[in-house]
Amino acid sequence: MAANEYIIRQISVFSENRPGRLAAIAHALEEERVNIFAFSIAEASGFGVVRALVDHPARAHERLTKDGFNVAFTDVIAVRMRDEPGGLYEVARLLGEAGINIEYSYAYSGPDGAVLILRVDRPEAAIAAITAAGKELIPSSAFA
Amino acid sequence: MPVSTWNPRFEGMPAAELDRLQYRLAKTLAYRLYAFSPLYHARMREADVHPDDIRSLEDVRKLPFMYKRDLRDTYPTGLFTVPREELVRYHVSSGTTGKPTVVGYTEKDIELWTESLARAFTSIGLGRGDVIQVSYGYGLFTGGLGAHYGAERIGATVLPTSVGNTERQVELMQDLGATAIACTPSYLLHIGEVAERMGINLGRDTALRTGILGAEPWSEQMRRHIQERLGIRAYDIYGTSELSGPMFTECAEQRGIHIWRDLAYIEVIDPESGESLGPGERGELVITMLQKEALPMCRYRIGDVTSIIDEDCACGRAHPRIERITGRVDDMLIIRGINVFPSQIEHALLEVPEVGEHFQIVVDRKGALDEMLVRVEVRKEAFSDKIADLMQIQRGVAHKLRNSLNVAVDVELVEPGSLPRFEGKAKRVIDRRVL
Numbered sequence: 108m109a110a111n112e113y114i115i116r117q118i119s120v121f122s123e124n125r126p127g128r129l130a131a132i133a134h135a136l137e138e139e140r141v142n143i144f145a146f147s148i149a150e151a152s153g154f155g156v157v158r159a160l161v162d163h164p165a166r167a168h169e170r171l172t173k174d175g176f177n178v179a180f181t182d183v184i185a186v187r188m189r190d191e192p193g194g195l196y197e198v199a200r201l202l203g204e205a206g207i208n209i210e211y212s213y214a215y216s217g218p219d220g221a222v223l224i225l226r227v228d229r230p231e232a233a234i235a236a237i238t239a240a241g242k243e244l245i246p247s248s249a250f251a
Numbered sequence: 194m195p196v197s198t199w200n201p202r203f204e205g206m207p208a209a210e211l212d213r214l215q216y217r218l219a220k221t222l223a224y225r226l227y228a229f230s231p232l233y234h235a236r237m238r239e240a241d242v243h244p245d246d247i248r249s250l251e252d253v254r255k256l257p258f259m260y261k262r263d264l265r266d267t268y269p270t271g272l273f274t275v276p277r278e279e280l281v282r283y284h285v286s287s288g289t290t291g292k293p294t295v296v297g298y299t300e301k302d303i304e305l306w307t308e309s310l311a312r313a314f315t316s317i318g319l320g321r322g323d324v325i326q327v328s329y330g331y332g333l334f335t336g337g338l339g340a341h342y343g344a345e346r347i348g349a350t351v352l353p354t355s356v357g358n359t360e361r362q363v364e365l366m367q368d369l370g371a372t373a374i375a376c377t378p379s380y381l382l383h384i385g386e387v388a389e390r391m392g393i394n395l396g397r398d399t400a401l402r403t404g405i406l407g408a409e410p411w412s413e414q415m416r417r418h419i420q421e422r423l424g425i426r427a428y429d430i431y432g433t434s435e436l437s438g439p440m441f442t443e444c445a446e447q448r449g450i451h452i453w454r455d456l457a458y459i460e461v462i463d464p465e466s467g468e469s470l471g472p473g474e475r476g477e478l479v480i481t482m483l484q485k486e487a488l489p490m491c492r493y494r495i496g497d498v499t500s501i502i503d504e505d506c507a508c509g510r511a512h513p514r515i516e517r518i519t520g521r522v523d524d525m526l527i528i529r530g531i532n533v534f535p536s537q538i539e540h541a542l543l544e545v546p547e548v549g550e551h552f553q554i555v556v557d558r559k560g561a562l563d564e565m566l567v568r569v570e571v572r573k574e575a576f577s578d579k580i581a582d583l584m585q586i587q588r589g590v591a592h593k594l595r596n597s598l599n600v601a602v603d604v605e606l607v608e609p610g611s612l613p614r615f616e617g618k619a620k621r622v623i624d625r626r627v628l
């Protein structure tokens, strides 16, 4: 499998920091029948960025743009972790040892185990390091 | 002197000679007002200044101000200083608030108004052989007739289309070979759009090459847009009915509007304190019309915001220039004692590509301190998933505003399209201060 098959399109949405903005985003996604696997909110003074991994990124992007949101695609990777103590350490250590910097990250834990979503400075190198260590990456086809 | 000079004697007059001329004219004006204007006479007495006290050009600044409200308070002709039989014309400006204001002209007033525009039009390369389409309104408004007289004076052919019936304007422009048009910048853009719908490209299919644009605020960005889109050179024209009408334009350099010193003495003041400001400092324009007879205007607080450019112009004329008008004094905010004009914010934001041109200002008072917050929209192209990038945009805008306003500003990034849009007069300021 080529490295880019593991590069996943996350949607990132600019949002003002005031009541009702997340609801507006979530409602639009509901109307488009878009399912959210994982999301996080990063906040700064007066604004935030909502990041989400969804099953239909293109449809989500189109709808949110139509609603007037500032939306961007961002490349991330998703690594399956052991859902037990030390699972995160394992992945974080191998990236650290490979000299790869994590810009931000969030995670979800489901019936199929835990998944760590990562935005890194060098995605190809990260994919190589993770694969070499025998860890499982989730292909982008899982989020079509 | 440049080639395109209408009146070499006055346009080429050395600065020192202009100083003496202005002093003499100002002093004459003071006597005229003292003798014939009851309102200004009373005001001079109140300020304890007599025409004899004007002993140098700088002494003009001892004279009291005149205000727009003086024209309304003495409606219709209480500020006139000549008997009615001396008047050859009236113009009337529609007051947006309250009464209209009436202005009147003697024969000499019309002559000097025409002279001023003849110099201006000549300085942008117009003259005999040009066909000037005057698409300012004719009638009570000064724009149409003013430009008309100026254009005829320089030997150009006038096409007096006035405003409206835009398709006909385009047809006539094409059929009669108009080389220049005088109108508002927004009307010219409208003409350009109508022409396009008619399958006519103004730059390619007509002889148009010059626009004389004014009577509403516009920006350098709009100039570039008009010049590129319509393939013409666009020049700023300035004036109000109190001065006579449209009076002054930029020269071919397009770097500020020349104010003929034999006709007007200009100052820029702090609108709050009334103190004079130096060249380059932005404030309220104060004009003294040195030779008007029917309705003399002395230290008239015109309410427009600009600054004086005192450097020598490449065109060689020793007549000062003013910057493009950037707003009205009525819109001014005072933040921690510093005058802030919303137009300054607009200009500063135009230089930050990451944010849009719409903005909102919220002023509040925390304890004893004024706090100003400027909300701006992040452009789609500039949106980054990274908080650090967005915060850098925020800091960049704050830095830019701080540099241009000299007061610290908080900046809030908001979603595109979320700030109110305005047609006509924008209401961009929310002042929550309880004073």
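Those protein sequences? They're chains F and H, same order as listed.
If you're matching positions, the first sequence starts at 108 in our numbering and goes up one per residue.
If you're matching positions, the second sequence starts at 194 in our numbering and goes up one per residue.
All C-beta atoms in this analysis are idealised placements derived from N, C-alpha and C, irrespective of residue type, glycine included.
Practice problem: Quick one: list the residues of chain H neighbouring Arg158/F, beta-carbon separation under 8 Å, in chain order. | Solution: Asp578
Quiz item: Between the C-alpha atoms of Phe258/H and Val356/H, what's the straight-line distance to the nearest angstrom?
Solution: 35 Å
Quiz item: If the cut is a Cβ gap below 7 Å, which residues of chain F does Lys573/H touch?
Solution: Asn177
Quiz item: Going straight from the alpha carbon of Arg312/H to that of Cys376/H, what length do you get?
Solution: Computed Cα separation, rounded: 18 Å.
Quiz item: So, are the CB atoms of Ser165/H and Ala445/H less than 9 Å apart?
Solution: Only positions 194 to 628 of chain H appear in the structure, and residue 165/H is not among them; the question remains open.
Practice problem: Check each candidate in Ala249/F, Phe176/F, Val183/F and Pro246/F and name the one with the smallest Cα separation from Arg79/F. | Solution: For chain F, the structure presents residues 108 to 251; residue 79/F sits outside this window and is missing.
Self-check item: Under 7 Å from the C-beta of Met584/H: neighbouring residues of chain F
Solution: Met584/H reaches chain F at Ala151, counting residues in chain order whose Cβ is nearer than 7 Å.
Practice problem: Can you pull the chain F residues whose beta carbon is under 7 Å from the beta carbon of Gly630/H, in chain order? | Solution: Since the first residue shown for chain H is 194 and the last is 628, residue 630/H is missing from the structure and cannot be characterised.
Practice problem: Kindly indicate if chain H contains any beta-carbon less than 9 Å away from that of Arg229/F. | Solution: no
Quiz item: Quick one: is Asp302/H buried, meaning 16 or more other Cβ sit within 10 Å of its Cβ, or exposed?
Solution: buried
Quiz prompt | With 16 other Cβ atoms within 10 Å as the buried cut-off, status of Asn429/H | solution = The displayed chain sequence assigns Asp, not Asn, to residue 429/H. Burial call: buried.
Quiz item: With 16 as the cutoff for other CB atoms within 10 Å, does Arg213/H come out buried or exposed?
Solution: Its Cβ having fewer than 16 others within 10 Å, Arg213/H is exposed.
Quiz prompt | Nearest to Asp368/H (by Cα), restricted to the options Gly476/H, Leu352/H, Thr442/H and Arg282/H | solution = Comparing Cα-Cα distances from Asp368/H to each of Gly476/H, Leu352/H, Thr442/H and Arg282/H, the minimum goes to Leu352/H.
Quiz prompt | Completely contained beta strand (DSSP E) runs for the segment 219 to 250 of chain F, where each covers 3 or more residues | solution = Complete beta strand (DSSP E) runs here, min 3: 220 to 227.
Quiz prompt | Separation of Ala165/F from Thr172/F, as counted between CA atoms | solution = 11 Å
Quiz item: Does Thr238/F come within less than 9 Å of chain H when only Cβ atoms are used?
Solution: no
Quiz item: By the 10 Å Cβ neighbour count, where 16 or more other Cβ atoms means buried, how is Glu138/F classified, buried or exposed?
Solution: So Glu138/F counts as exposed.
Exercise. Evaluate Met108/F with the Cβ neighbour count: other Cβ atoms within 10 Å of its Cβ, from every protein chain shown; 16 or more gives buried, anything less gives exposed.
Key: Note on Met108/F: pLDDT 49, under 50, position unreliable in the model; the coordinate value appears next. It is exposed - the Cβ of Met108/F has fewer than 16 other Cβ atoms within 10 Å.
Quiz item: Could you give the distance in angstroms between the alpha-carbon of His592/H and the alpha-carbon of Ser469/H?
Solution: 28 Å
Exercise. Sort out for me which residues DSSP pairs Val627/H with in a bridge.
Key: According to DSSP, which records beta bridges pairwise, Val627/H is partnered with nothing at all.
Self-check item: Inter-residue spacing [alpha-carbon to alpha-carbon] between Tyr211/F and Leu225/F
Solution: About 6 Å.
Self-check item: Distance between Asp603/H and Gly561/H (C-alpha atoms, nearest Å)
Solution: The residue you asked about is not Gly; residue 561/H is Ala in the sequence shown. Each residue's Cα considered, the two are about 17 Å apart.
Quiz item: Which first and last residues belong to the beta strand (DSSP E) in which Glu150/F is found?
Solution: Ile143 to Glu150
Exercise. Check whether the Cβ of Glu169/F lies closer than 9 Å to any Cβ atom in chain H.
Key: Between Glu169/F and chain H, the shortest Cβ-Cβ separation is not below 9 Å.
Quiz prompt | Sequence-distant residues of its chain with Cβ nearer than 8 Å to Gly467/H (five each side left out) | solution = Phe258
Self-check item: For Pro207/H, three-class secondary structure by DSSP
Solution: coil
Exercise. Can you pull the chain F residues whose beta carbon is under 7 Å from the beta carbon of Glu605/H, in chain order?
Key: Gly153
Quiz item: Can you list the residues of chain H that Ser119/F reaches, using a CB-CB cut of under 7 Å?
Solution: Asp578
Self-check item: alpha helix (DSSP H) runs wholly inside the segment 388 to 417 of chain H, at least 4 long, in chain order
Solution: 395 to 398
Exercise. Could you confirm whether any beta carbon from chain F is found closer than 9 Å to the beta carbon of Gln553/H?
Key: So, not an interface residue.
Quiz item: What's the C-alpha gap between Ala400/H and Ala344/H?
Solution: 17 Å
Quiz item: Going by DSSP, which residues form a beta bridge with Cys376/H?
Solution: Leu406/H
Quiz item: Ile554/H bridges to which residues according to DSSP?
Solution: Val567/H and Val622/H
Quiz item: For Gly531/H, which residues of its own chain have a beta-carbon under 8 Å away from its beta-carbon, when the five flanking residues on both sides are left out?
Solution: As written in the sequence, residue 531/H is Ile, which differs from the Gly given in the question. Within the same chain, Ile531/H has close Cβ partners Leu598, Asn599 and Val600.
Quiz item: Of all Cβ atoms in chain H, is any one closer than 9 Å to the Cβ of Arg116/F?
Solution: Judged by the 9 Å Cβ criterion, Arg116/F is not in contact with chain H.
Self-check item: N- and C-terminal bounds of the alpha helix (DSSP H) containing Thr315/H
Solution: Unbroken alpha helix (DSSP H) run through Thr315/H: Glu300 to Ser316.
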